[in-house]
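A.B. asks:
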DNA sequence: TATTGTTATACTCTATAACTATA
DNA sequence: TATAGTTATAGAGTATAACAATA
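Chains as they are written, first to last, in this note's numbering: chain S, 1 to 144; chain C, 1001 to 1144.
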């Protein structure tokens, strides 16, 4: 019991530091500087789950509504997201990807993640399997 | 070959999103608001590797020197780090943890990582093993 | 001349509080 | 009243460019 507690405390510590540094590295690796990682994350969620309200997207992304407003304003300005009034609830705004966003996301597979893809290919198949599982677990933790 | 490329591209994508959201979650989980995660990461590195110059610490943390200057100024202001001139090279500044920082890091194991520790204990032993391995791999990637 | 560190400045990311509009 | 979203404001985190001091 104590052993487990000690283990998880140490793991929490190491995992937090690793994520901090890895995230830093990923953010600075940007090639196309117009669309940031935050923007891309929001777009990816819209692509995966389809049109949704601003509040729903904020919840998906684990940010507060005002933070999402900012992101959406920027994305609309870039012509990547459309904002239309909800059909029956006038308070809500429905967000939807534009064709330009779909094009961007399609191209992104080759360009945006190029650096990380390259590094991943240098790993062993077993290491990639670990990261694949870890990604799912981290998503679960982020939602907890 | 193509299969592997496709796999790593998809993994790069999913891993990036997972890290983005997980990192967000960790940063917002702060309890003690005086010392931020960035500060804590720098302190942990100093603890693990011992006294070093500002440039070395910046390299360890994967940030640019001016960014580290800011962090160090803040930490010195809180009495957590001392800055002393290098013995032989007058350009360098040697950074060292203070006793207060050691106390803080010792207490941190219980307080700071409490949220994450709690979540980790809800996982299976196998999932924790995956994260343990993943932390090492992510550190390697951050340094690549 | 090259290196180490700092200052000046600016942009991204995110939050809380207060406000508006609609239900 | 309660909910959805926005505006206003602020703080954390990080970068590039320019500078000073030392090697």
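Quick reminder that beta carbons are idealized off the backbone N, C-alpha and C, glycines included.
Ends of the beta strand (DSSP E) at residue 1081 (chain C)?
C.D. replies: Where residue 1081 (chain C) is concerned, the enclosing beta strand (DSSP E) stretches over 1081-1085.
A.B. asks: What does residue 130 (chain S) touch in chain C if you count any residue whose Cβ is under 8 Å from its own?
C.D. replies: Correct list: 1130, 1133, 1134 and 1137.
A.B. asks: Specify whether the segment 1011-1022 of chain C and the segment 49-58 of chain S touch according to this definition: at least 3 beta carbon pairs, one from each stretch, less than 8 Å apart.
C.D. replies: In short, these stretches do not touch, since the Cβ pair count stays below three.
A.B. asks: If we count the other Cβ atoms within 10 Å of its Cβ and call it buried at 16 or more, is residue 113 (chain S) buried or exposed?
C.D. replies: That one is buried.
A.B. asks: Assuming residue 94 (chain S) is part of the beta strand (DSSP E), what are its boundary residues?
C.D. replies: That run of the beta strand (DSSP E) goes 93-97.
A.B. asks: Please list, in chain order, all residues of the same chain as residue 34 (chain S) whose beta carbon is under 8 Å from its beta carbon, the five residues on each side excluded.
C.D. replies: Hits under 8 Å: 78.
A.B. asks: Could you pull out every residue in the same chain whose Cβ sits closer than 7 Å to the Cβ of residue 68 (chain S), ignoring the five residues on either side in sequence?
C.D. replies: 54, 57, 58 and 61.
A.B. asks: At which residues does the alpha helix (DSSP H) containing residue 42 (chain S) begin and terminate?
C.D. replies: Here the alpha helix (DSSP H) through residue 42 (chain S) covers 37-49.
A.B. asks: Determine the chain C residues that contact residue 44 (chain S) at a beta-carbon separation under 7 Å, and present them in chain order.
C.D. replies: Chain C residues near residue 44 (chain S): 1017.
A.B. asks: Can the beta-carbon of residue 1101 (chain C) be found less than 8 Å from the beta-carbon of residue 1081 (chain C)?
C.D. replies: Closer than 8 Å, so yes.
A.B. asks: Taking only the alpha-carbon atoms, compute the straight-line gap between residue 130 (chain S) and residue 45 (chain S) and give it to the nearest angstrom.
C.D. replies: Their Cα atoms are separated by approximately 23 Å.
A.B. asks: For a test of the three-state rule: what should DSSP assign to residue 53 (chain S), helix, strand or coil?
C.D. replies: Strand at residue 53 (chain S).
A.B. asks: With distances taken from CA atoms, which of S:26, S:42 and S:14 is nearest residue 1134 (chain C)?
C.D. replies: With distances taken between Cα atoms, residue 1134 (chain C) lies closest to S:14.
A.B. asks: If you compare alpha carbons, which of C:1090, C:1099 and C:1038 is closest to residue 1074 (chain C)?
C.D. replies: Checked all of C:1090, C:1099 and C:1038; the closest Cα to residue 1074 (chain C) is C:1038.
A.B. asks: Is it true that the CB of residue 1119 (chain C) sits closer than 8 Å to the CB of residue 144 (chain S)?
C.D. replies: Yes. Within cutoff.
A.B. asks: Can you list, in chain order, the residues of its chain whose CB lies under 8 Å from that of residue 1095 (chain C), leaving out five sequence neighbours each side?
C.D. replies: Same-chain partners within the cutoff: 1046, 1051, 1052, 1053, 1054, 1057, 1072, 1081, 1082 and 1083.
A.B. asks: Could you spell out the range, first to last residue, of the alpha helix (DSSP H) harbouring residue 1139 (chain C)?
C.D. replies: Per DSSP, residue 1139 (chain C) belongs to the alpha helix (DSSP H) from 1125-1143.
A.B. asks: Please report whether the beta-carbon of residue 1121 (chain C) lies at a distance below 8 Å from any beta-carbon of chain S.
C.D. replies: Yes, its Cβ sits closer than 8 Å to a Cβ of chain S.
A.B. asks: Output the distance between the C-alpha atoms of residue 1146 (chain C) and residue 1040 (chain C), rounded to the nearest integer angstrom.
C.D. replies: The requested residue 1146 (chain C) does not occur in the structure, where chain C is confined to residues 1001 to 1144.
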